[in-house]
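J.: Here's a structure for you.
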């Protein structure tokens, strides 16, 4: 401003020295200089005011840019978080679906295995019963065989004794047509014993037994006399009885052989049956052990799957809550940021419009509603902004 005044004085002096009639009086020149000085002062004031206003405007635009940058940075962070929520939710949802399917499969498998175990238990019980029955039958068969063998041996001994006695008696009767009383009594006792055995074993025809019985019922003396006249008939009867004893002996031997064969066949059949039953029992017990092991393994897997499924469900629940809260916070912050940007844009526009329409040194005032805390703080921390507002 001092340079402008100095320039004006120099120009006036030159004009006076040149005698320019257009320069007018000194008072006019002085008044003109005052006017020019006032104009220069006004211009300087306007420039100072504009400098302060421009500083405030620049600060507000910087603040607006900062809000935009922060918004973009926060948006990028939220986008990453939103992607995390989306991807993790999808991953956990699929994991939960797989976990539920696996849990259902394991539960069904365990149910089937439990059914198999129950069937195996029933089968094992039945096999044990069959084995016990077969062993009892074999035990009873052995006892019956032992009893039959004892009976056979007793009958065999009696038959052999009878055969031997009858054979001896017949030979003696044939060798002596006139035996002594003592010899005859001995043969008589032998024949009597043979007849008792024959009667016990139901051996001999009725006529044979009748003839011999009638002979034995007579007194020894009478028997001797009767024998002398009927020796051939008596010997023939005894030989016939001997044949019948031999036939009985053969029949008893054959029955014994047959009994032994039947017993051997029965015992072999039962032995084979026991072998088969014990093999089936061993297989059933092995399958039962394997089934129990499978049940335990599947139960352990089910416990692990159920625990993992529960963890995934709880995690998904917490994740949904966290993501929802974050989304609400993001929406609120986005709206707040939009309001701040709108307000800053409006304030900057008001300032620029006010300066354009009123550029005098008078106080620049503008009213606005809804100023933010950040804008007030930014203006308060700037001396130039505060001076411009004042």
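In the numbering used here, the protein residues as written are 96 to 485. Each residue gets a CB set at the ideal place from its N, CA and C atoms; glycine is no exception.
Quick check on this structure: which residue in 214, 167 and 226 has the alpha carbon closest to the alpha carbon of residue 370?
T.: 226
J.: Are residue 379 and residue 205 close, meaning C-beta to C-beta below 7 Å?
T.: no
J.: To the nearest angstrom, how far is the alpha carbon of residue 421 from that of residue 389?
T.: 47 Å
J.: Hey, how far is the Cα of residue 431 from the Cα of residue 187?
T.: 33 Å
J.: Within the chosen definition, does the region 347 to 360 reach the region 244 to 252 through at least 3 CB pairs nearer than 8 Å?
T.: yes
J.: So is residue 438 buried or exposed if we call it buried at 16+ other beta carbons inside 10 Å?
T.: buried
J.: Do you know how far the Cα of residue 409 is from the Cα of residue 180?
T.: 15 Å
J.: Please classify residue 360 as buried or exposed, where buried requires at least 16 neighbouring CB atoms within 10 angstroms.
T.: exposed
J.: Identify which residue in 151, 193, 154 and 211 has its Cα closest to the Cα of residue 384.
T.: Proximity to residue 384 across 151, 193, 154 and 211 peaks at 211, based on C-alpha coordinates.
J.: Taking all protein chains shown into account, decide if residue 352 is buried (16 or more other Cβ within 10 angstroms of its Cβ) or exposed.
T.: exposed
J.: Secondary structure at residue 392, three-state DSSP: helix, strand or coil?
T.: helix
J.: Suppose you measure from the CA of residue 150 to the CA of residue 133; what does that come to, to the nearest Å?
T.: Distance between the alpha carbons of residue 150 and residue 133 is about 26 Å.
J.: Three Cβ pairs or more, each shorter than 8 Å: is that satisfied between the region 164 to 180 and the region 398 to 405?
T.: no
J.: Taking the straight line between their C-alpha atoms, what separation do you get for residue 256 and residue 224?
T.: C-alpha separation (whole angstroms): 47 Å.
J.: Could you compute how far the alpha carbon of residue 266 sits from the alpha carbon of residue 334?
T.: 10 Å
J.: Is it right to say residue 122 is buried, meaning 16 or more other beta carbons lie within 10 angstroms of its own, or is it exposed?
T.: Around the CB of residue 122, fewer than 16 other CB atoms lie within 10 Å, so the residue is classed as exposed.
J.: Can you grab the Cα-Cα spacing for the pair residue 66 / residue 184, in whole Å?
T.: In the structure as shown, the chain begins at 96 and stops at 485. Residue 66 is therefore absent and cannot be evaluated.
J.: Tell me the DSSP secondary structure of residue 440 in three-state form.
T.: helix
J.: Can you give the Cα-Cα distance for residue 166 and residue 434, rounded to whole angstroms?
T.: 12 Å
J.: Cβ of residue 175 within 6 Å of any heavy atom in the ligand FMN?
T.: As far as ligands go, the structure on display features none, and thus does not contain the ligand FMN.
J.: Who are the Cβ neighbours of residue 197 in its own chain at under 6 Å, not counting the five residues just before and after it?
T.: 400
J.: Could you have a look at residue 398 and say whether DSSP puts it in helix, strand or coil?
T.: helix
J.: Return helix, strand or coil for residue 262, following the three-state DSSP convention.
T.: helix
J.: Under the three-state reduction of DSSP, which class applies to residue 153: helix, strand or coil?
T.: Assigned with DSSP and collapsed to three states, residue 153 falls in helix.
J.: Using the rule of at least 16 other Cβ atoms within 10 Å of the residue's Cβ for burial, across every protein chain shown, is residue 393 buried or exposed?
T.: buried
J.: Give every residue of the same chain whose Cβ lies closer than 8 Å to the Cβ of residue 443, excluding the five residues on either side of it in the sequence, and list them in chain order.
T.: 152, 155, 156 and 159
J.: Beta-carbon within less than 7 Å of residue 396's beta-carbon, same chain only, minus the 5 sequence neighbours each way: which residues are those?
T.: 201
J.: Check the C-beta distance from residue 215 over to residue 386 and give it rounded, since I have them as a contact under 8 Å.
T.: 6 Å
J.: Note down the Cα distance separating residue 337 from residue 362, rounded to an integer number of angstroms.
T.: Annotation: residue 337 to residue 362 spans about 37 Å, alpha carbon to alpha carbon.
J.: In whole angstroms, what is the alpha-carbon distance linking residue 411 and residue 391?
T.: 30 Å
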